[in-house]
Each structure stands twice: as C-alpha cells, then as structure tokens.
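Residue numbers (our numbering), protein chains in the order written: chain A, 1 to 65; chain B, 1 to 198. Backbone N, C-alpha and C fix where the C-beta goes; we use that ideal spot for every residue, glycine too. Here's the structure we're looking at; comments come further down.
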Amino acid sequence: MKQALFFISLALLGIGIYLKFFYDAPDTAQTINFFTSWFFIIIGTAALLANAFWSSHRKPRDHHE
Amino acid sequence: MNKKVLTVIILAVIALVILYLYSFGPFANRRHAVRLNPASLKPTARQIASQVINVYHNKDSKENYYRIAFPQTWKVKAGTAAGSYRFSFNAGIGSIELVDVPDNSTLELFILSREEPRLKKNVPGYERKGFKKITISGCDAYSLKYASILKGYKYENIRTYISGQDMAGVVTIIMPEKESASFAETINAVITSFKWEN
C-alpha cells in the first residue's frame, strides 16, 4: 500500500513538473496551467514527504507483529 | 498521525491557499505584471537612402528578441504586453505583438482557424482582401489583408504573422483605404525589417 502511494505521489510530481516546464500551454490557458502544474507539484511533494515521515515513526510493537 | 506528517499537511494546505490567491484571487494581477526591458525603447538611428530610420531591438521576452525599423517620423511606444509596441504615423496606426502558437498547430492553421474567426467576430465590417505566404528575413510569414469599417469610413488592415522559434511576431497596420496606395512602399519596408535576434 505504501509503495503504491509512493509511486502515485511520484507520478503527481512528475506530471506537475512536466506541465510547469515542458508543456507549451496556449495563451488562453496560462492561468489554468499555472494552477494545475503547481497544484500537482505541491500535492506530489507533500504526499512524498508524508509517506517518508510516516514510515520513520512506526510504533515499536509493529516490529513484533 | 505523527507531528511531522501533520506539519507537512498543514504546509501543503497553506501552499494551496497561496497558489489559489495567485492564480484566481486578488494577487493574480501580480503574476501578469509586464516586465518591459527599457532597452527595447532605445532605438538606434540609421540613414537609408534619403530616409532616417529608427531600429528598435526588443529584448522583453527571452527566446523572442527581435528588431524592427520605423521611419524616424513615426511615433513608437511600448505596448501593454512584453515584446509589444504601439506606433502611429500621419496616415494610420499599428502594433507589434508576440502571440503563442500552440505546439499542435501550424502558423497558417492558427491564423485560419483562430485568428480570422476572432477578427470576423470583433472587427466591424470585416472583409478579407487577401492572404498569402511570404518570407521575412528568412522566416515563413503570412500576410492577411482585410477591410474594416469604423464610423462610416473604410480602413485597410494588414496583419503579418512571422513564425519564430517560440512565439510568432504579429505586425498590424491600420489606415484609411484611400491612403493605402501612397504608403504601401514604406509599410512594406517596416514589415520586412522585422528580424528575430535570438
């Protein structure tokens, strides 16, 4: 489950970076492209960080299960 | 949920709120603030035959630097967008702007499928007079001539689209139809003086 979330987060971040730096949005879609690209970058980065921090704070009893 | 995860979520929510404000909220206009390069409005004068011309080197928009020459008698000022000019001469007015052509389109298709329908809708009395492919300073270009009517007077409009690496340059000239013949040579010299400088 954690691995699936990790790859989804990575995909979101990748889509965001693509839209921000490599996709040539038409003049009429500049605002929506700005919002969408940063939205994906923020959500992707936050999900990756949350995923990383979640694993580092596993409760000790989990290791015995 | 541990403290670090909670902090990440809170920071993400704050970032999203700021993003919304800069995209659609009260700070959206800050993003659109035009960054005009003062150097774009400092022409260099040159003498060609009997006429003195001012050569403007526009350096507003990276990847879209260009130069264009006007007769010294023409009044030129910065436009509202980066990479644009507004100008006037004793017979008419005009502008230069940069337009973004979508990657999935060609310049010709863009003109015929987007620009011309837009002009038909917005320009009173629009009537196409001509559309042809030309070459300006080694670049493909398209010249769209059309007539318009304003306050009962008929005007000739020449809109020339010059393809570029990133954006296309558009030179527009509007003047009364009766003046068009006498200014044809000068206008052609201005349009063909356009050159990308990347």
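Taking 8 Å as the cut-off, the beta carbon of H57/B is found no closer than this to the beta carbon of E185/B. Annotation: R114/B to G125/B spans about 18 Å, alpha carbon to alpha carbon. In the three-state reduction of the DSSP assignment, E156/B falls in the strand class. Ranked by how close their Cα comes to the Cα of P43/B, the residues N37/B, A181/B, N54/B, Y142/B have N54/B in first place. V190/B has a beta carbon lying at 8 Å or more from every beta carbon in chain A. For F39/A, the chain B residues whose C-beta falls within less than 8 Å of its own C-beta are L16, L19, listed in chain order. For F21/A, no alpha helix (DSSP H) segment is defined, and its DSSP state is neither H nor E. Here DSSP, grouped into helix, strand and coil, assigns G25/B to coil.
The residue among T160/B, K195/B, Q165/B with its C-alpha nearest the C-alpha of I187/B is T160/B. Interface flag for I42/A against chain B is set, since a Cβ pair is found closer than 8 Å.
Taking 8 Å as the threshold, the shortest C-beta distance from A82/B to chain A does not fall below it. The three-state secondary structure of W74/B, taken from DSSP, is coil.
Setting aside the 5 residues that flank it on each side, S180/B is surrounded in the same chain by E156, each with a C-beta closer than 7 Å to its C-beta; the list follows chain order. For K121/B, the enclosing alpha helix (DSSP H) covers residues 116–122.
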